[in-house]
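Peer 1:
Set out below in structure tokens:
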């Protein structure tokens, strides 16, 4: 008898749903006159001195492969930055890896530490790629519900209840996408305590670490006795307005970074050379630009949150990143229905909260990394929309 025809594509991949964010970006691209509060990237151009450094590198012909780990100068500058910012000592030759954005960092970290069936505990809602990266690595994501009542923060007790013999890691991302939540040091220390008791790894996505408002960011690797068992992920996309340059980094123990490096060298080779040169310049002299952008985001944040509450979409105060996550439950519409109808009727693009997990249902993500004028007009249109659809 002929052999049964095999599946063309992997069952593991087939089980993963397409990104709910990208679907709305495709819709927006087909329409004119849309105000987008959907794209999670700065509306500022990369600061000129950073662009200039990259342009100069191209003019000089620096277009070859770099070390698989990343340019030595970039790793040294990054080591200095982490020492200055957090008093953390990372060996630039064995404990730092330059990645193609934090997205690759999450992928590498999960593939490096997980065996089939291992479990990773994370918040619901959370960034869309977390659970998918765990699944692609053969693991299982264990979701911990969070809500507006607890400011979308994970609790140590809720994590502890879900730990079992299969648990390998806790994946956290604060300041958070999509909610804008920021975790206090005390609460993070509670989570670190769970990790220490059970021998778990913490994977900490801190891409928004510089974008906080009136609070301090706590780096997970600075928690007591957690440096060796924390994979710290960061990058240049958000704070330095360098999303398209695709430069991130991973910092951690020699064993974990070594395992991530094995995957990276076979699948990526190295991050883009010109982007690495730009990142060196960003670390050396980009702080003033970051401060200016954060100040502007803060003005927009206050304006948007006040406006959302005024039009009847209750929104807790986000203290980090550049997202607001208001409730749309008063309309009686699902998150997808709200986002689709708002786009069609008022030409405002937002992301349905359900794209970030089951607990995101009943919310939408609004990005305030756009001009105040656009935010003001978007709020007017959203106000009309809510007025028509409120129950």
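Numbering (my numbering), first residue to last: 76 to 466.
Glycine included, C-beta positions come from ideal geometry on N, C-alpha and C.
1. Below 8 Å on the Cβ atoms is my contact criterion, and I expect residue 391 with residue 443 to pass it. Report the Cβ-Cβ distance as a whole number of Å.
2. Note down the Cα distance separating residue 91 from residue 216, rounded to an integer number of angstroms.
3. I need the straight-line Cα distance from residue 314 to residue 203, nearest angstrom please.
4. If you count every other CB in all the chains shown that lies within 10 Å of the CB of residue 106, and 16 or more means buried, which is it?
5. At the level of alpha carbons, what is the spacing between residue 387 and residue 404?
6. Could you give the residue range of the alpha helix (DSSP H) that holds residue 131?
7. Exposed or buried, which one is residue 174 when buried takes at least 16 other CB atoms within 10 Å?
8. Taking 8 Å as the cut-off, decide whether the C-beta atoms of residue 198 and residue 219 are in contact.
9. Could you say if the segment 321-329 and the segment 110-128 meet the contact criterion of at least three C-beta pairs nearer than 8 Å?
10. With a threshold of 7 Å on Cβ separation, who are the neighbours of residue 33 within its own chain once the five nearest residues in sequence on each side are excluded?
11. Is the beta carbon of residue 352 less than 8 Å from the beta carbon of residue 129?
12. Name the residue from 295, 376, 248 and 87 whose alpha carbon lies nearest to the alpha carbon of residue 268.
13. Would you tell me roughly how many angstroms separate the C-alpha atoms of residue 233 and residue 196, rounded to the nearest one?
14. Pick out whichever of 221, 373 and 422 has its Cα sitting closest to the Cα of residue 434.
15. By how many angstroms is the C-alpha of residue 273 removed from the C-alpha of residue 235?
16. In or out: residue 104 buried (at least 16 other Cβ within 10 Å) or exposed?
17. Measure the CB-CB distance between residue 399 and residue 441 and report whether it falls below 8 Å.
18. Comparing alpha-carbon positions, which option in 306, 341, 461 and 252 lies nearest residue 394?
19. What are the start and end residues of the beta strand (DSSP E) that includes residue 242?
20. With distances taken between CB atoms, is the gap from residue 228 to residue 258 smaller than 8 Å?
21. How is residue 317 classed by DSSP in three states: helix, strand or coil?
22. Please go through the same chain and pick out, in chain order, the residues whose beta-carbon is closer than 7 Å to the beta-carbon of residue 276, but skip the five residues on each side of it.
Peer 2: With the given structure in hand:
1. Residue 391 to residue 443, Cβ: 14 Å. No contact.
2. 12 Å
3. 20 Å
4. exposed
5. Residue 387 and residue 404 have their C-alpha atoms spaced approximately 10 Å apart.
6. First-last of the alpha helix (DSSP H) with residue 131: 123-134.
7. buried
8. yes
9. no
10. Absent from the model: residue 33. The displayed extent of the chain is 76 to 466, so no value can be given.
11. yes
12. The shortest Cα separation from residue 268 among 295, 376, 248 and 87 belongs to 295.
13. 10 Å
14. Among 221, 373 and 422, the Cα nearest to that of residue 434 is on 221.
15. 9 Å
16. Taking all protein chains shown into account, residue 104 has fewer than 16 neighbouring C-beta atoms within 10 Å of its C-beta and is therefore exposed.
17. yes
18. 252
19. 242-247
20. yes
21. Here residue 317 sits in coil by DSSP.
22. 188, 243, 244, 304 and 306
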